[in-house]
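The structure under discussion appears below in the form of C-alpha coordinates.
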Amino acid sequence: MALSAAAAWWFLPFVLPICLWVAWSDMATMKIPNKAVLALAAVFLVVGPLALPLEVWAWQWLHLAVVLAVGFVLNVAGGLGAGDAKFAAAAAPFVLSADIGVVLFLFGAATLAAFATHRLARALPPLRRRTAHWASWTHAKFPLGLALGPTLLFYLALAAVA
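For the sequence shown, our numbering assigns the number 144 to the initial residue and increments by one for each residue that follows.
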(Lines of atoms letter the chains of each structure in order from A and count residues from 1; the text may use other names and numbers.)
(Lines give C-alpha, C1' and ligand atoms only; values in the text may rest on other atoms or scores of the structure.)
Protein backbone atom coordinates (compact mmCIF):
# COMPACT_ATOMS: atom_id res chain seq x y z
CA MET A 1 0.00 0.00 0.00
CA ALA A 2 1.43 3.36 -1.02
CA LEU A 3 0.73 6.49 0.98
CA SER A 4 -2.57 8.01 -0.17
CA ALA A 5 -2.83 11.57 -1.41
CA ALA A 6 -5.28 12.33 1.38
CA ALA A 7 -2.84 11.11 4.05
CA ALA A 8 0.00 13.11 2.51
CA TRP A 9 -2.15 16.26 2.52
CA TRP A 10 -2.96 15.69 6.19
CA PHE A 11 0.74 15.49 7.07
CA LEU A 12 2.27 18.13 4.79
CA PRO A 13 1.19 21.36 6.54
CA PHE A 14 2.57 20.14 9.86
CA VAL A 15 5.72 18.47 8.54
CA LEU A 16 6.80 21.31 6.22
CA PRO A 17 7.91 23.82 8.89
CA ILE A 18 9.66 21.11 10.91
CA CYS A 19 11.65 19.89 7.91
CA LEU A 20 12.65 23.44 6.99
CA TRP A 21 13.68 24.04 10.62
CA VAL A 22 15.83 20.90 10.56
CA ALA A 23 17.60 21.85 7.32
CA TRP A 24 18.18 25.43 8.50
CA SER A 25 19.36 24.43 11.96
CA ASP A 26 21.74 21.78 10.67
CA MET A 27 23.35 24.27 8.30
CA ALA A 28 23.61 26.95 10.96
CA THR A 29 24.72 24.86 13.94
CA MET A 30 25.52 21.36 12.63
CA LYS A 31 22.85 20.09 15.02
CA ILE A 32 19.26 18.95 14.62
CA PRO A 33 17.34 20.09 17.69
CA ASN A 34 15.70 17.41 19.81
CA LYS A 35 12.63 19.67 19.84
CA ALA A 36 12.35 19.24 16.07
CA VAL A 37 12.60 15.46 16.37
CA LEU A 38 9.96 15.42 19.11
CA ALA A 39 7.73 17.77 17.11
CA LEU A 40 7.88 15.45 14.10
CA ALA A 41 7.02 12.42 16.23
CA ALA A 42 4.18 14.40 17.83
CA VAL A 43 2.76 15.20 14.39
CA PHE A 44 2.63 11.51 13.56
CA LEU A 45 1.15 10.73 16.97
CA VAL A 46 -1.65 13.31 16.64
CA VAL A 47 -2.29 13.56 12.90
CA GLY A 48 -1.49 9.95 12.00
CA PRO A 49 -4.78 8.48 13.29
CA LEU A 50 -6.66 11.06 11.19
CA ALA A 51 -4.61 10.36 8.06
CA LEU A 52 -4.18 6.59 8.18
CA PRO A 53 -6.28 3.60 9.14
CA LEU A 54 -5.70 2.97 12.85
CA GLU A 55 -4.07 -0.44 12.30
CA VAL A 56 -1.64 0.99 9.72
CA TRP A 57 -0.85 3.95 11.97
CA ALA A 58 -0.08 1.62 14.88
CA TRP A 59 2.23 -0.62 12.84
CA GLN A 60 4.11 2.39 11.45
CA TRP A 61 5.64 2.98 14.90
CA LEU A 62 7.73 -0.13 14.27
CA HIS A 63 9.54 1.83 11.55
CA LEU A 64 10.64 4.36 14.16
CA ALA A 65 12.15 1.62 16.34
CA VAL A 66 13.95 -0.08 13.44
CA VAL A 67 15.39 3.14 11.99
CA LEU A 68 16.44 4.32 15.45
CA ALA A 69 18.30 1.05 16.05
CA VAL A 70 20.03 1.22 12.66
CA GLY A 71 20.80 4.91 13.21
CA PHE A 72 22.28 4.18 16.62
CA VAL A 73 24.65 1.60 15.09
CA LEU A 74 25.61 4.01 12.30
CA ASN A 75 26.18 6.77 14.84
CA VAL A 76 28.43 4.59 16.99
CA ALA A 77 30.34 3.60 13.85
CA GLY A 78 30.83 7.30 13.00
CA GLY A 79 28.76 7.19 9.83
CA LEU A 80 25.89 9.37 10.98
CA GLY A 81 25.30 12.13 13.50
CA ALA A 82 23.03 11.47 16.48
CA GLY A 83 20.58 14.17 15.39
CA ASP A 84 20.45 12.73 11.89
CA ALA A 85 19.68 9.28 13.32
CA LYS A 86 16.96 10.63 15.59
CA PHE A 87 15.35 12.71 12.86
CA ALA A 88 15.39 9.77 10.42
CA ALA A 89 13.74 7.63 13.09
CA ALA A 90 11.04 10.25 13.73
CA ALA A 91 10.43 10.52 9.96
CA ALA A 92 10.25 6.74 9.45
CA PRO A 93 6.63 6.24 10.59
CA PHE A 94 5.45 8.56 7.81
CA VAL A 95 6.89 6.16 5.19
CA LEU A 96 4.83 3.10 4.30
CA SER A 97 6.71 -0.14 3.66
CA ALA A 98 5.64 -0.16 0.01
CA ASP A 99 7.35 3.20 -0.46
CA ILE A 100 10.75 2.45 1.09
CA GLY A 101 12.43 2.09 -2.32
CA VAL A 102 11.05 5.44 -3.47
CA VAL A 103 12.22 7.13 -0.26
CA LEU A 104 15.71 5.66 -0.57
CA PHE A 105 15.90 6.96 -4.14
CA LEU A 106 14.65 10.38 -3.00
CA PHE A 107 17.18 10.41 -0.17
CA GLY A 108 20.04 9.65 -2.57
CA ALA A 109 18.92 12.36 -4.97
CA ALA A 110 18.30 14.86 -2.17
CA THR A 111 21.71 14.14 -0.65
CA LEU A 112 23.53 14.71 -3.95
CA ALA A 113 21.54 17.88 -4.66
CA ALA A 114 21.97 19.19 -1.10
CA PHE A 115 25.71 18.49 -1.13
CA ALA A 116 26.23 20.24 -4.48
CA THR A 117 24.04 23.18 -3.47
CA HIS A 118 25.74 23.54 -0.08
CA ARG A 119 29.21 23.51 -1.63
CA LEU A 120 28.17 26.01 -4.29
CA ALA A 121 26.49 28.28 -1.73
CA ARG A 122 29.50 28.34 0.55
CA ALA A 123 31.64 29.42 -2.39
CA LEU A 124 29.51 32.53 -2.99
CA PRO A 125 30.96 35.45 -1.01
CA PRO A 126 27.71 37.46 -0.70
CA LEU A 127 25.89 34.46 0.78
CA ARG A 128 28.80 33.59 3.04
CA ARG A 129 28.86 37.14 4.41
CA ARG A 130 25.12 37.04 5.19
CA THR A 131 25.49 33.68 6.95
CA ALA A 132 29.02 33.93 8.28
CA HIS A 133 27.96 32.40 11.61
CA TRP A 134 26.87 29.11 10.02
CA ALA A 135 28.95 26.23 11.34
CA SER A 136 28.43 24.10 8.22
CA TRP A 137 30.57 26.39 6.07
CA THR A 138 33.75 25.34 7.84
CA HIS A 139 32.80 22.02 9.43
CA ALA A 140 34.49 18.88 8.14
CA LYS A 141 31.19 17.01 7.93
CA PHE A 142 28.14 17.71 5.76
CA PRO A 143 24.86 18.85 7.42
CA LEU A 144 22.75 15.83 6.49
CA GLY A 145 19.60 17.52 7.80
CA LEU A 146 19.77 19.54 4.58
CA ALA A 147 18.92 16.28 2.75
CA LEU A 148 16.83 14.48 5.39
CA GLY A 149 14.20 17.19 5.73
CA PRO A 150 13.64 17.60 2.00
CA THR A 151 13.50 13.83 1.52
CA LEU A 152 10.43 13.59 3.76
CA LEU A 153 8.92 16.67 2.12
CA PHE A 154 9.47 15.33 -1.40
CA TYR A 155 7.98 11.96 -0.42
CA LEU A 156 4.85 13.56 1.00
CA ALA A 157 4.56 16.00 -1.92
CA LEU A 158 4.84 13.19 -4.47
CA ALA A 159 2.19 11.19 -2.63
CA ALA A 160 -0.03 14.27 -2.42
CA VAL A 161 -0.08 14.79 -6.17
CA ALA A 162 -0.20 11.11 -7.17
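The beta-carbon is built from N, C-alpha and C at its ideal position, and this holds for glycine as well.
**Message:** I need the straight-line Cα distance from PHE230 to PRO269, nearest angstrom please.
**Reply:** The residue you call residue 230 lines up with position 87 of the sequence shown. The residue you call residue 269 lines up with position 126 of the sequence shown. Answer to the nearest angstrom: the Cα atoms are 31 Å apart.
**Message:** For VAL304, count the other beta carbons within 10 Å of its own beta carbon; 16 or more makes it buried, fewer makes it exposed. Which is it?
**Reply:** For the purposes of this step, residue 304 is taken as the residue at position 161 of the sequence shown. Per the 10 Å Cβ criterion, exposed.
**Asked** What residue does the alpha helix (DSSP H) around LYS328 start on, and which one ends it?
**Response** Absent from the structure is residue 328, since the part of the chain shown begins at 144 and ends at 305.
**Asked** Roughly how many angstroms separate the alpha carbons of TRP152 and PRO196, rounded to a whole number?
**Response** Position 9 of the sequence shown, counted from the start, is the residue given in the question as residue 152. Position 53 of the sequence shown, counted from the start, is the residue given in the question as residue 196. The straight-line gap from Cα to Cα measures roughly 15 Å.
**Asked** Closest by CA to LEU249, which one among VAL165, SER168, LEU295 and HIS282?
**Response** To locate residue 249, count along the sequence shown from 1; it is residue 106. Cα-wise, what sits closest to LEU249 is LEU295.
**Prompt:** So is GLY214 buried or exposed if we call it buried at 16+ other beta carbons inside 10 Å?
**Reply:** The sequence position of residue 214 within the sequence shown is 71, counting from 1. Classification of GLY214: buried, given that the 10 Å Cβ count is 16 or more.
**Prompt:** Do you know whose CA, among ALA201, ARG265, VAL219 and PRO176, lies nearest PHE237's CA?
**Reply:** The residue you call residue 237 lines up with position 94 of the sequence shown. Here the closest residue by C-alpha is ALA201.
**Prompt:** Just curious, the alpha helix (DSSP H) that PRO268 is in, first and last residue?
**Reply:** For the purposes of this step, residue 268 is taken as residue 125 along the sequence shown, with counting starting at 1. Note, PRO268: alpha helix (DSSP H), 268-273.
**Straight-line gap, LEU207 to VAL246 (C-alpha atoms, nearest Å)** = In the sequence shown, the residue the question calls residue 207 occupies position 64. In the sequence shown, the residue the question calls residue 246 occupies position 103. Looking at the two C-alpha atoms, the distance is approximately 15 Å.
**Request:** Taking GLY288 as the reference, give the member of VAL190, ILE243, LEU146 and ASN177 with the closest Cα.
**Result:** Mapped onto the sequence shown, residue 288 falls at position 145. Residue ASN177 is the option with its Cα nearest to GLY288.
**Prompt:** Using DSSP with H/G/I as helix, E/B as strand and the rest coil, what is PRO160?
**Reply:** For this step, residue 160 is matched to residue 17 along the sequence shown. Of the three classes helix, strand and coil, the one that applies to PRO160 here is helix, per DSSP.
**Prompt:** Between which two residues does the alpha helix (DSSP H) containing THR260 stretch?
**Reply:** Here residue 260 corresponds to residue number 117 of the sequence shown, with the count starting at 1. Its alpha helix (DSSP H) spans residues 243-265.
**Message:** Suppose the cutoff is 7 Å on Cβ atoms and the five residues either side in sequence are ignored; what does the same chain contact list for VAL180 look like?
**Reply:** Locating residue 180 in the sequence shown gives position 37, where the first residue counts as 1. LYS229, PHE230 and ALA233, listed in sequence order.
**Prompt:** ILE175: which of LEU299, ALA278, TRP204 and ALA241 sits nearest, CA to CA?
**Reply:** Stepping through the sequence shown from its first residue, residue 175 is reached at position 32. Answer by Cα proximity: ALA278.
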